[in-house]
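Just so you know, the sequences run in chain order A and B. Under the numbering used here, the first residue of the first sequence carries the number 498, and numbering increases by one thereafter. Under the numbering used here, the first residue of the second sequence carries the number 19, and numbering increases by one thereafter. Report on one structure; see the data block that follows.
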Amino acid sequence: MTTTSADPAALKAAQRNYRSNSLWRLTLRRILKQRSAIFGLVILGFIIVVALAAPILAPYDPEQSLIGIEDIRKRAAPCIYLLGCPRDQPQHFMGVDGNVRDVFSRIIYGARVSLLVGFGAVTFAIFMGTVLGAIAGYAGGWLDNVIMRFMDVLLAFPALLLAIAIIMVLGRGLQNALLAIAIVSIPIYARVIRAGVLSVKETEYVEASQALGANHFSILFQRILPNALPPLIVQGTLGIATAILDTAALSFIGLGAQPPTPEWGTMLGSERNQVFSAPHLVFFPGIAIMVTVLGFNLLGDGLRDALDPRLSQSGK
Amino acid sequence: MLQYTFRRLLLAIPVLVGILVVTFFLARAIPGDPCKSILGEKATVEACERFNRANGLDQPVPVQFAIYMGNVLRGDFGDSIRFSRPVMTILIERLPLTLELGIFAIIIATIIGIPAGVISAVRQNSWVDVTTMVGANIGVSMPVFWLGLMLAYVFALLLKDTPLWLPPSGRLTAGLSAMPYYEYYEWGITTDSRSYNFFEFFANLYIFNSIITLNWDVLKDAIRHLILPATALSTIPLSIIARMTRSSMLEVLRQDYVRTARAKGLMERFVILKHAFRNALLPIVTIIGLQMGTLFAGAILTETIFSLAGVGRMLFEAITARDFPIVQSFTVVIAIGYVMVNLLVDLSYVFIDPRIRLD
Chain A
498 MTTTSADPAA
508 LKAAQRNYRS
518 NSLWRLTLRR
528 ILKQRSAIFG
538 LVILGFIIVV
548 ALAAPILAPY
558 DPEQSLIGIE
568 DIRKRAAPCI
578 YLLGCPRDQP
588 QHFMGVDGNV
598 RDVFSRIIYG
608 ARVSLLVGFG
618 AVTFAIFMGT
628 VLGAIAGYAG
638 GWLDNVIMRF
648 MDVLLAFPAL
658 LLAIAIIMVL
668 GRGLQNALLA
678 IAIVSIPIYA
688 RVIRAGVLSV
698 KETEYVEASQ
708 ALGANHFSIL
718 FQRILPNALP
728 PLIVQGTLGI
738 ATAILDTAAL
748 SFIGLGAQPP
758 TPEWGTMLGS
768 ERNQVFSAPH
778 LVFFPGIAIM
788 VTVLGFNLLG
798 DGLRDALDPR
808 LSQSGK
Chain B
19 MLQYTFRRLL
29 LAIPVLVGIL
39 VVTFFLARAI
49 PGDPCKSILG
59 EKATVEACER
69 FNRANGLDQP
79 VPVQFAIYMG
89 NVLRGDFGDS
99 IRFSRPVMTI
109 LIERLPLTLE
119 LGIFAIIIAT
129 IIGIPAGVIS
139 AVRQNSWVDV
149 TTMVGANIGV
159 SMPVFWLGLM
169 LAYVFALLLK
179 DTPLWLPPSG
189 RLTAGLSAMP
199 YYEYYEWGIT
209 TDSRSYNFFE
219 FFANLYIFNS
229 IITLNWDVLK
239 DAIRHLILPA
249 TALSTIPLSI
259 IARMTRSSML
269 EVLRQDYVRT
279 ARAKGLMERF
289 VILKHAFRNA
299 LLPIVTIIGL
309 QMGTLFAGAI
319 LTETIFSLAG
329 VGRMLFEAIT
339 ARDFPIVQSF
349 TVVIAIGYVM
359 VNLLVDLSYV
369 FIDPRIRLD
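Next comes the structure, spelled out in structure tokens:
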């Protein structure tokens with residue numbers, strides 16, 4: 498670096514250089530060193546592309562029955578020319594379901610539903626958890642006690658059970674399933690944020706802000722929360738995996754997405770009694786769920802190792 | 019120790035009361051009339067009034083809550099609205115199955131997960147380690163219900179007519195029945211005995227009952243029926259236990275005392291099991307305890323797939339049928355179980371690590 502020279506161009510270059518080594522750059526570099534994070538990113542990138550390009554990729558309308566359009570039995574097995582299926586038969590990469598719809602197209606569109614639910618539920622839960630956790634940690638005293646004891650009660654229920662009960666109150670459907678899963682996972686984020694707030698509340702820079710007369714709100718959002726962010730990002734990524742898995746489970750038992758929505762759990766649930774006669778209708782949606790969840794889990798693990806080595810489970 | 023246990027039990031009371039309150043009001047918040055959902059949509063107003071009076075539903079909600087709390091404290095869970103039978107009886111029929119399933123699953127998860135994690139840590143970055151960790155990552159990402167269906171497909175259909183065939187549903191093969199141990203030993207316990215419920219509960223633990231009565235055919239059959247559901251249920255805990263064991267072991271293996279043990283010339287096996295593993299055990303036990311919640315959520319799904327009449331499926335059905343007494347009491351029992359398991363885990367710390375003083 499040539500910071501000693503008075504050349505303004507060199508100074509600018511040095512500044513740029515400095516900025517390029519900022520915290521975010523450093524973090525990104527650390528993330529990209531994690532094999533599991535890269536693998537997770539690749540999987541998720543693939544699924545996001547599939548979800549975005551669904552209308553281009555899907556050979557059929559995911560909700561339209563092919564009765565009268567093609568000469569094909571319901572629940573017909575996959576038929577691929579390259580794998581020995583006669584060319585004159587309709588080609589369905591993953592077969593057709595009980596309503597004679599192309600499973601492959603439904604799986605592709607299902608990526609949209611699952612990603613939306615995962616992100617939606619976690620965003621809502623993080624928002625609520627942040628508000629509650631921040632209030633609890635920052636205010637302390639009885640307010641802290643009331644909020645956190647209520648969170649304890651929520652945590653004492655198995656998550657899926659509580660989600661089922663909430664859906665029964667709100668009514669069935671994908672939107673309510675999303676909301677239920679979000680509510681059930683609020684305590685986790687509230688705890689993470691509260692812990693983060695407590696750990697920096699007494700630091701000197703927060704005291705300095707207080708002394709300078711900053712109000713509670715700006716201290717909370719500008720001084721305290723940014724420091725609680727890394728564990729929140731890690732928890733959020735892993736939370737999306739759980740949210741997708743739980744939504745699929747709720748849809749599987751008929752409480753989440755309703756037919757004909759191409760949701761993976763619903764697809765699995767509505768054909769589960771056919772597992773012996775048409776296993777492909779159960780196999781493919783399950784694989785889709787697994788791959789997506791795996792992507793988020795791998796990314797979450799990688800982020801944890803990169804952002805917070807103390808929490809590392811892989812021990813590297 | 020006793021004092022600590024007592025204090026922990028006291029501390030659990032507010033949480034349990036909270037659970038009672040949440041369950042009670044959540045059950046009341048479910049839209050729809052229990053009368054209509056039990057007697058049918060065409061139930062007359064008079065029939066509904068009679069029904070509500072019989073089930074105490076004509077009282078104001080706070081009064082209902084007070085009555086309910088009083089009953090729970092006396093151990094009386096009331097009658098199921100749907101089955102018109104005491105909730106306690108239903109619980110005694112259903113809980114043993116879920117217990118057997120859960121215990122079986124956690125045993126599978128532990129006896130595979132811990133060794134896998136230990137070997138992974140000892141042979142870090144070897145193919146065993148990579149395979150275990152890839153497997154564990156896939157394991158936590160797999161939907162339980164999907165794995166259950168796939169296992170049923172493979173073992174009940176593809177492997178039919180082979181010795182590996184396993185039944186895809188139920189607890190016992192039709193026609194096979196187990197005589198309760200109290201009848202086998204002629205203890206004279208009848209349905210109207212005061213302690214009938216207590217004895218009946220253990221008789222419904224088929225594995226326990228068949229061992230006690232030396233009925234090996236039933237024992238074999240009961241275990242065969244449990245293998246598939248328990249395997250499906252165990253994948254997530256298994257993966258989590260394996261991961262936790264590995265990271266905990268890795269941490270301990272880097273400690274000075276392990277190097278000292280090796281330097282003393284101790285056998286490697288001895289160093290790993292006696293010096294390292296014992297010290298790595300604490301977080302592993304904690305995580306096993308924490309899996310109880312996962313197990314229960316999984317039980318709802320596994321019991322549905324494998325047609326098992328357990329607590330999980332019953333609770334799900336009760337919620338959809340608005341059978342309040344069942345929803346409330348089953349949830350409370352599960353929550354109590356959860357609190358108890360966590361207490362046991364905390365108490366076990368003393369045995370694992372004598373340095374820990376709970377008081």
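By construction, the Cβ of each residue, glycine as well, lies at the ideal position given by its N, Cα and C atoms.
Practice item. Taking only the alpha-carbon atoms, compute the straight-line gap between LEU563 (chain A) and ALA555 (chain A) and give it to the nearest angstrom. Key: Taking the straight line joining both Cα atoms gives about 14 Å.
Point to revise | Proximity to SER347 (chain B) [Cα-Cα], best of B:PHE24, B:LEU28, B:GLY88 | key: B:GLY88
**Study point:** TRP11 (chain B) classed as buried or exposed, judged by whether at least 16 other C-beta atoms fall within 10 angstroms
**Key:** This structure does not reach residue 11 (chain B), given that chain B is present from 19 up to 377, and the question cannot be answered.
Check your understanding: Which residue from B:GLU335, B:MET332, B:VAL363 puts its Cα closest to that of GLN309 (chain B)?
Key -> B:VAL363
Review point. Nearest to ILE354 (chain B) by CA position, among B:GLY311, B:LEU365, B:GLU321, B:THR320, is which residue?
Key: B:GLY311
Check your understanding: If you run the structure through DSSP and keep just helix, strand and coil, what is ASP97 (chain B)?
Key -> strand
Practice item. Would you decide whether ASP504 (chain A) is buried or exposed? Buried here means 16 or more other CB atoms lie within 10 Å of its CB. Key: exposed
Review point. Roughly how many angstroms lie between the CA atoms of ALA746 (chain A) and LEU20 (chain B), to the nearest whole one?
Key: 41 Å
Check your understanding: Taking 8 Å as the CB-CB limit, is ALA84 (chain B) close to chain A?
Key -> no
Point to revise | Spatial distance of SER252 (chain B) from TYR86 (chain B) (CA atoms) | key: 36 Å
Check your understanding: Do we get a CB-CB distance below 8 Å when we pair PRO587 (chain A) with the residues of chain B?
Key -> no
**Study point:** Cβ of PRO505 (chain A) within 8 Å of any chain B Cβ
**Key:** No, PRO505 (chain A) does not count as interfacial toward chain B.
**Study point:** Straight-line Cα distance separating ILE229 (chain B) from TYR214 (chain B)
**Key:** 20 Å
Point to revise | Sequence-distant residues of the same chain with beta carbon closer than 6 Å to ALA573 (chain A), five excluded per side | key: GLY592, VAL593
Practice item. Please compile the residues from chain A whose C-beta is within a distance smaller than 9 Å of the C-beta of SER159 (chain B). Key: Near SER159 (chain B) (Cβ distances below 9 Å), the residues of chain A are ALA738, LEU742, ILE786, MET787, VAL788, THR789, VAL790, LEU791, GLY792, PHE793, ASN794, LEU795.
Review point. Hey, is MET332 (chain B)'s beta-carbon within less than 8 Å of any beta-carbon in chain A?
Key: no
**Study point:** Straight-line gap, ILE306 (chain B) to ILE124 (chain B) (C-alpha atoms, nearest Å)
**Key:** 8 Å
Practice item. Taking the CB atoms as reference points, tell me whether ALA534 (chain A) and ALA803 (chain A) lie closer together than 8 Å. Key: yes
Exercise for review: Mind checking which residues open and close the alpha helix (DSSP H) that includes ALA192 (chain B)?
Suggested key: Counting along the chain, ALA192 (chain B) falls outside any alpha helix (DSSP H), and DSSP gives it neither H nor E.
Practice item. Using a threshold of 8 Å, state whether the C-beta atoms of VAL329 (chain B) and ILE37 (chain B) are closer than that. Key: No, Cβ-Cβ distance for VAL329 (chain B) and ILE37 (chain B) is not below 8 Å.
**Study point:** Proximal residues, the stretch 190-206 of chain B versus chain A, C-beta separation under 8 Å
**Key:** The stretch 190-206 of chain B vs chain A, Cβ under 8 Å: nothing.
Point to revise | Where ASP558 (chain A) falls: helix, strand or coil (DSSP) | key: Of the three classes helix, strand and coil, the one that applies to ASP558 (chain A) here is coil, per DSSP.
Practice item. Out of B:THR23, B:ARG340, B:LEU28, point me to the one whose CA is closest to GLY668 (chain A)'s CA. Key: B:ARG340
Point to revise | Secondary structure of PRO52 (chain B), DSSP reduced to three states | key: Helix, per DSSP.
Exercise for review: Using a cut-off of 8 Å between C-beta atoms, extract the partners of ASN155 (chain B) located in chain A.
Suggested key: SER533, LEU791, ASN794, LEU795, ASP798
Exercise for review: Specify, as a first and last residue, the run of the alpha helix (DSSP H) that ARG462 (chain A) falls within.
Suggested key: The requested residue 462 (chain A) is not part of the displayed model; chain A covers only 498 to 813.
Practice item. Check whether the Cβ of ILE566 (chain A) lies closer than 7 Å to any heavy atom of the ligand GTP, and answer yes or no. Key: Only the bare structure without any ligand can be found here, which leaves the ligand GTP out of the picture.
**Study point:** Through-space distance from ALA279 (chain B) to ARG688 (chain A), alpha-carbon basis
**Key:** C-alpha of ARG688 (chain A) to C-alpha of ALA279 (chain B): approximately 40 Å in a straight line.
Practice item. Grab me the residues of ALA631 (chain A)'s own chain with a C-beta within less than 8 Å of its C-beta, minus the 5 sequence neighbours each way, in chain order. Key: Contacts found: ILE690, ARG691, VAL694, LEU717, ILE721, LEU722.
Check your understanding: Taking Cβ to Cβ, would you say ALA633 (chain A) is nearer than 8 Å to MET645 (chain A)?
Key -> yes
Practice item. Using a Cβ cut-off of 7 Å, pull out every chain B residue sitting near VAL689 (chain A), in sequence order please. Key: Going along chain B, no residue has its Cβ under 7 Å from VAL689 (chain A), so there is no contact; the nearest lies around 16 Å.
Practice item. Can you have a look at ALA47 (chain B) and say buried or exposed, based on whether 16 or more other CB atoms are within 10 angstroms of its CB? Key: exposed
Exercise for review: Can you tell me which of the three DSSP states PRO301 (chain B) falls into?
Suggested key: Helix.
Exercise for review: Pick helix, strand or coil for VAL597 (chain A), following the three-state DSSP scheme.
Suggested key: coil
Check your understanding: Can you list, in chain order, the stretches of the alpha helix (DSSP H) that have 4 or more residues and sit fully within the stretch 257-282 of chain B?
Key -> Within the stretch 257-282 of chain B, the runs of alpha helix (DSSP H) that reach at least 4 residues and sit entirely inside it are, in chain order, 274-281.
Exercise for review: Run down chain B in chain order and give the residues with a C-beta less than 7 Å from the C-beta of ALA618 (chain A).
Suggested key: None at all; the shortest Cβ gap to chain B is about 16 Å.
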